[in-house]
Structure formats: C-alpha cells, structure tokens
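What follows is a set of notes on a single structure, which appears directly below.
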Amino acid sequence: MKQETDPKETPRAFAFEMWMKSPMPMVTLTKTFDVSRIYKISKRKKLKFNMLLCWCIGKAACGMEEFYLLPEQGKLYRYDRLALNVIVDNKDGGINSCDIPFSDDLQQFNRDYLELTSKAASECRSSFLDDYIIVGTSAMIQTELDCFVNQYTEKFLNPLVMWGKYRKEWFKTKLPVSFQFHHVQMDGGDAARFLEALQKTIGTL
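For the sequence shown, numbering that gives the first Met the number 0 assigns the number 0 to the initial residue and increments by one for each residue that follows.
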C-alpha cells in the first residue's frame with residue numbers, strides 16, 4: 000500500500016527540508032562486488048544470474064526502513080511492499096519494463112521472475128505495480144563496465160541498481176555495481192550500509 004506521510008513524522012524530516020527542492024538530488028555510489036557465490040549457484044542450479052542478483056538486492060533492501068519512503072511531486076510517501084524492476088528484451092527487438100514483487104522465498108521469486116519477464120518479452124508489453132516501492136535495476140551485460148551514472152528525471156526517483164558483465168578473476172567472479180538514490184530517501188551512510196548488506200547477502204546465499 001502507498002500512503003502519503005508527513006515528513007516531520009519520519010527520520011527523513013531534515014533531508015526532506017534540505018533536498019526536496021534541489022535541482023539535482025540524486026546520488027550515485029559504486030562498489031565492486033564479489034559475486035562468486037551467485038555465479039556458482041547459477042551454474043550449478045541452472046538459475047539466471049540476474050535473477051539471483053535481483054533477489055539479493057531485494058533481500059538487502061527490504062531490511063532497511065529508508066527503502067520504504069520515497070519523495071514524489073513535493074510529497075513523501077510510505078510503502079509497505081517492495082518490488083524489483085527489470086528491463087526485458089522483447090521479441091520485436093525493443094525493450095519493456097517489468098515489475099516483480101519481492102518474495103523472501105527464492106523459489107517463489109524465481110517463478111515470478113521467469114513468468115513475468117517471459118510475458119513481457121513475448122507480448123512486448125510493460126507491467127507495473129503501483130502500490131509497491133520499486134527498486135529499479137538495469138543490467139547491460141554486453142560488456143564490462145566500471146561505473147554507471149543514470150539520467151536524472153523527476154518521473155523516476157526510485158533507487159536504481161545497475162551493472163554490466165561480470166569479470167572472471169582467478170578463483171573469483173567480480174562485478175562493479177552502481178547504486179543511485181534520492182537524497183531525501185537516504186543519506187550516503189545509509190546507501191553504504193545497503194551495499195554492505197548486499198555483499199553479505201550475496202556471500203551467504
């Protein structure tokens with residue numbers, strides 16, 4: 000459920016006052032992750048690498064209160080459910096957007112991921128979940144990339160996690176990841192905690 004909330008009644012009151020009217024309130028942090036465990040599980044269990052990474056992102060995000068607050072059009076809204084957005088290549092050569100509800104149950108999330116992404120690809124139609132806080136993802140696996148900085152638009156203020164192709168290094172698999180967020184939603188320290196939680200989740204999957 001999505002509900003407007005008074006910023007003064009949240010831990011983000013000061014940030015809302017400081018950054019809501021900023022012309023450039025988005026912040027981007029980058030970190031190189033050890034994704035060896037995801038890579039091994041993907042190969043052994045025949046599960047999609049990007050699905051596993053999306054689940055880890057959702058798992059790390061759902062444990063932080065900051066992810067459930069989001070500014071929109073000068074107001075602050077609170078959510079009680081979280082979903083991951085993925086970009087899907089469709090059968091006509093274009094792309095579509097697909098929101099996938101996060102489930103703590105990896106098998107359920109995998110079923111939803113496969114069903115919804117397959118549907119978007121075959122029907123060339125985007126799907127959205129309006130009452131969920133959306134954590135965007137963008138995977139450009141055609142090449143190795145060091146860093147992403149997404150465009151800033153008032154139409155999309157949600158947190159966004161981006162990555163390219165993973166890198167094989169001796170006995171480890173590494174992946175640079177960029178995390179973009181709105182400064183009203185969280186501070187840099189909060190974002191750093193999320194990135195640490197994400198690495199822990201990946202390492203213990």
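Cβ coordinates follow ideal geometry from the N, Cα and C atoms, glycine included.
| query | result |
| --- | --- |
| Selection from 17, 200, 148 and 48 that minimises the alpha carbon distance to residue 165 | 48 |
| Counterpart residues of residue 25 in DSSP-defined beta bridges | 181 |
| Residue from 0, 66 and 38 with nearest C-alpha to residue 194 | 66 |
| Start-to-end residues for the alpha helix (DSSP H) that takes in residue 203 | Counting along the chain, residue 203 falls outside any alpha helix (DSSP H), and DSSP gives it neither H nor E. |
| N-terminal and C-terminal residue of the alpha helix (DSSP H) that residue 4 is part of | Where residue 4 is concerned, there is no enclosing alpha helix (DSSP H), although the beta strand (DSSP E) it sits in stretches over 1-4. |
| Coarse secondary structure for residue 63, derived from DSSP in three states | coil |
| Residue 89: first and last residue of the uninterrupted alpha helix (DSSP H) it sits in | Unbroken run through residue 89: none, as it is neither H nor E. |
| Start-to-end residues for the beta strand (DSSP E) that takes in residue 137 | 132-138 |
| Segment contact, 8 Å Cβ cut-off, at least three pairs: the stretch 67-86 with the stretch 125-139 | yes |
| Nearest neighbour of residue 99, chosen from 148, 126 and 27 [CA to CA] | 126 |
| Residue 4 and residue 179 closer than 8 Å at C-beta | no |
| Residue range of the alpha helix (DSSP H) that includes residue 38 | 35-44 |
| Assigned exposure category for residue 170 - 16 Cβ within 10 Å defines buried | exposed |
| Run of the beta strand (DSSP E) containing residue 76, from where it starts to where it stops | 74-78 |
| Pick from 128, 118, 119 and 104 that is closest to residue 78, judged by C-alpha positions | 128 |
| Cut-off 6 Å between Cβ atoms - residues of its own chain near residue 58, not counting five sequence neighbours on either side | 200 |
| Collapsed DSSP secondary structure at residue 105 in the structure displayed | helix |
| Contacts around residue 87, its chain only, beta-carbon distance under 8 Å, and the 5 residues preceding and following it disregarded | 94, 95, 96, 97, 116, 119 and 120 |
| Bridge-paired residues (DSSP) for residue 31 | 175 |
| As assigned by DSSP and simplified to three states, the class of residue 143 | coil |
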